[in-house]
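Data block below; observations after.
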Amino acid sequence: MRGKFYGIGVGVGDPELITMKAVKLLKNVDILVLPEAKKTEGSTAFDIVKDYIGENTQKLFLEFPMINDEDKKKEIRRNNAKKIEELLEKGNNMAFLTIGDPMTYSTYTYILDYLGTEVDVETVPGITSFNSVASRVNVPLVIGDEDLKIISLNSSTNIRKEIEDNDNVVFMKVSRHFNELRTAIKESGNLENIILISNCGKDDEEIHTNLDIVEKIPYFSTLILKKGGIKYE
Ligand SMILES: C[S@@+](CC[C@H](N)C(=O)[O-])C[C@H]1O[C@@H](n2cnc3c(N)ncnc32)[C@H](O)[C@@H]1O
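In this text, residue positions in the sequence shown follow our numbering: the first is 5, and each later residue adds one.
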């Protein structure tokens, strides 16, 4: 009988911020699918849940390189989905681990696009990066009638307009265009209205409220901008 395919959200760092359902499944699936950006880079998601994994669970590292060639990326996703399907066919129950939540900017959803409709899929939600970050510093994301926009920062983001148009903005993937972001925040008079967290929930976590002294921005960094102000000491 064909195995079942699970997408499991593991949160962004703190191993205790994961659902009971996820922990139960991690103990029992046959194969863990661990996405990695570069071969041998290892899996951040695995590091978070390593204490919950069953003794006999196998690991399947699948490479999803961060490249600009869209056709090549599609080919890699298709090939990776094929490998998963072959193992499901053999009766293995498989869990694809995702940092944060599987339905939020995750490679997992690209794999779903390529799996056949006959595959039985179950997605187990996880706590997103921006929810984790907001809770970490006790800053509400939205309240009352306010709105919130989540942005994956890229070269076509009109940062000034996004700040103008929304009460609250979450900027993800900030490392790639940090200087432009910092300039827009400064020029729009919002330097006091931000909080930036890198590696939230991990040993090397950093929390910044003064962007002027920030030098190196790790990939796992998220910035919250609240035009109504941020209370954080
Ligand atoms: C590919 S997205 C993954 C999003 C994830 N699925 C979620 O639910 O938030 C990667 C981005 O998530 C954010 N992120 C992930 N882990 C984080 C962490 N530990 N601390 C701060 N931001 C993090 C960063 O903005 C990073 O660039």
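Ideal Cβ positions, reconstructed from N, Cα and C, are used throughout, including at glycine.
Here the structure is a predicted model, which means the values were calculated and not measured.
Between residue i and chain D, is any beta-carbon pair separated by less than 8 angstroms?
i: Glu-184; result: The structure shown contains no chain D; it is built from a single protein chain.
Is the CB-CB distance between residue i and residue j below 8 angstroms?
i: Tyr-109; j: Ser-139; result: no
i: Leu-195; j: Ile-201; result: no
i: Tyr-56; j: Val-27; result: yes
i: Leu-29; j: Ala-85; result: no
i: Asn-172; j: Glu-150; result: yes
i: Val-33; j: Asn-97; result: yes
i: Phe-50; j: Leu-101; result: yes
i: Leu-64; j: Leu-36; result: yes
i: Gly-120; j: Met-5; result: no
i: Ser-160; j: Ser-225; result: no
i: Val-141; j: Ile-211; result: yes
i: Leu-152; j: Asn-170; result: yes
i: Lys-8; j: Glu-126; result: yes
i: Met-176; j: Ile-154; result: yes
i: Ile-228; j: Val-174; result: yes
i: Pro-106; j: Phe-68; result: no
i: Ile-71; j: Lys-77; result: yes
What are the partner residues of residue i, as DSSP defines its beta bridges?
i: Val-128; result: Ile-12
i: Glu-210; result: Ser-202
i: Lys-37; result: Reading off the sequence, residue 37 comes out as Val, not Lys. Paired residues: Leu-64 and Phe-100.
i: Ser-156; result: Met-176
i: Thr-121; result: Answer is none; Thr-121 lacks a bridge partner.
i: Ser-225; result: Ser-202
i: Lys-230; result: Asn-172
Sorry if obvious, but does the Cβ on residue i come closer than 7 angstroms to a heavy atom of ligand 1?
i: Asn-142; result: no
i: Ile-198; result: no
i: Ser-202; result: yes
i: Asp-105; result: yes
i: Met-70; result: no
i: Phe-224; result: yes
i: Thr-161; result: no
i: Tyr-10; result: no
i: Ser-110; result: yes
i: Met-176; result: yes
i: Val-137; result: yes
i: Thr-102; result: yes
i: Ser-133; result: yes
i: Val-16; result: yes
i: Lys-206; result: yes
Count Cβ pairs between the stretch 199 to 212 and the stretch 103 to 119 that sit closer than 8 angstroms; are there 3 or more? no
At least three beta-carbon pairs within less than 8 angstroms, the stretch 127 to 139 to the stretch 54 to 73: Result no; under three Cβ-Cβ pairs closer than 8 angstroms.
Which runs of the alpha helix (DSSP H) at least 4 residues long sit entirely within the stretch 162 to 203? Give them in chain order. 163 to 169 and 182 to 191
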